[in-house]
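Numbering-wise (numbering that gives the first Met the number 0), the sequence shown opens with residue 0 and increments by one.
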Amino acid sequence: MHGFRALGALAILAAMTAVPSSQAFAGGKSVIELFTSQGCNSCPPADRLLGELSKEPNLIPLTLAVDYWDYLGWKDTLALHAHTKRQRSYAKVRGDMNVYTPQAIMNGVKYAVGSDARAISAALRNHPSSDPEIPLSVRREGENVSIEVGAGQGKATVWMLSIASKIDVKIAKGENKGETIAYFNVVRAWRNLGVYTGAPIRTSVPVAELKQNGSDAVVVFVQNGTEHSPGAIRNAEMLSLR
0 MHGFRALGAL
10 AILAAMTAVP
20 SSQAFAGGKS
30 VIELFTSQGC
40 NSCPPADRLL
50 GELSKEPNLI
60 PLTLAVDYWD
70 YLGWKDTLAL
80 HAHTKRQRSY
90 AKVRGDMNVY
100 TPQAIMNGVK
110 YAVGSDARAI
120 SAALRNHPSS
130 DPEIPLSVRR
140 EGENVSIEVG
150 AGQGKATVWM
160 LSIASKIDVK
170 IAKGENKGET
180 IAYFNVVRAW
190 RNLGVYTGAP
200 IRTSVPVAEL
210 KQNGSDAVVV
220 FVQNGTEHSP
230 GAIRNAEMLS
240 LR
């Protein structure tokens, strides 16, 4: 069995009331990365929970579809192999090699079963950080998105993600055969905006380049470490392109 038993619907709703309205541990908004798969029969409750979390103004919940369950009979139509590598990189950094679906990573540091609202809430509340906030501004300027990262401390990577706010998928084979599942804040593409070393970074990206594969929003975050060694996310912002 490759997934985990989810909370019942009533328990999820009750746990949602425990999610605090402000959870950013180091400025900006808190990022929740949900590693999920259309071929995982334990994932739909986590996908629904992510949809509820996407309504919270201080959260940036993201769907990162992985491809390692494709052999079970259904090829995930939203999966990027980069997501599989990212999840494994997190596990390598932690040293536990604990990779499964649905798995939620909070602010690049703590993890929980992706359908466990209480555990997700606890991870967001109980993560003190010694890293100071890195100033971040993301705004639309005509046909471009402007990104400014202010002066700060430490070394990090600046990521820009193209996001599709909602995609409905009808699954014809595999463990979720016959289901139509809604996926929220689906990551469709990644762009590395460069290495942050404490000096300000200013750049812009054409909106036309970001609107791909149904994308209608962007997320920018500043994360300690590198692509292969991801650490704490120190600031994040989301911008609609609609």
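Positions of the beta carbon are idealized from the N, C-alpha and C atoms, including for glycine.
Alpha-carbon to alpha-carbon, residue j and residue i
| i | j | result |
| --- | --- | --- |
| Trp73 | Thr179 | 13 Å |
| Arg241 | Tyr70 | 36 Å |
| Gln102 | Glu236 | 22 Å |
| Pro43 | Trp68 | 14 Å |
| Thr202 | Gly224 | 20 Å |
| Val92 | Glu174 | 31 Å |
| Gly230 | Ile170 | 34 Å |
| Trp158 | Lys172 | 34 Å |
Secondary structure of residue i, DSSP reduced to three states
| i | result |
| --- | --- |
| Gln86 | helix |
| Pro205 | strand |
| Ile119 | helix |
| Gly7 | Annotation note: pLDDT 40 at Gly7 (below 50); position unreliable, no value reported. |
| Gly113 | coil |
| Glu236 | strand |
| Tyr99 | coil |
| Ala81 | helix |
| Lys45 | Reading off the sequence shown, one finds Ala at residue 45, where the question assumed Lys. Of the three classes helix, strand and coil, the one that applies to Ala45 here is helix, per DSSP. |
8 Å contact criterion, which residue i and residue j should meet: CB distance rounded
| i | j | result |
| --- | --- | --- |
| Leu238 | Arg138 | 7 Å |
| Ile200 | Val148 | 4 Å |
| Pro82 | Val98 | Reading off the sequence, residue 82 comes out as His, not Pro. Not a contact, Cβ separation roughly 11 Å. |
| Val204 | Asn106 | So it is not a contact: roughly 24 Å between Cβ atoms. |
Residue i, buried or exposed, once every other Cβ within 10 Å from all chains shown has been counted against 16
| i | result |
| --- | --- |
| Ser120 | buried |
| Val186 | buried |
| Asp95 | exposed |
| His80 | exposed |
| His227 | exposed |
| Thr196 | exposed |
| Val221 | buried |
| Thr76 | exposed |
| Asn234 | buried |
| Asp115 | buried |
| Val112 | buried |
| Val168 | buried |
Closer than 8 Å: residue i CB and nearest the ligand HEM heavy atom
| i | result |
| --- | --- |
| Leu77 | The model on display carries no ligand, and the ligand HEM is accordingly not part of it. |
For residue i, the residue or residues it bridges with in DSSP
| i | result |
| --- | --- |
| Arg138 | Ser145 |
| Tyr182 | Ile166 |
| Arg190 | Met159 |
| Thr35 | Ala64 |
| Met105 | Ile31, Lys109 |
| Leu58 | Ser29 |
| Gln222 | Thr156, Ile232 |
| Tyr70 | Per DSSP, none; premise fails for Tyr70. |
C-beta neighbour in chain C for residue i, strict 9 Å
| i | result |
| --- | --- |
| Ile133 | The chain labelled as chain C is not found in the depicted structure, where only one protein chain is given. |
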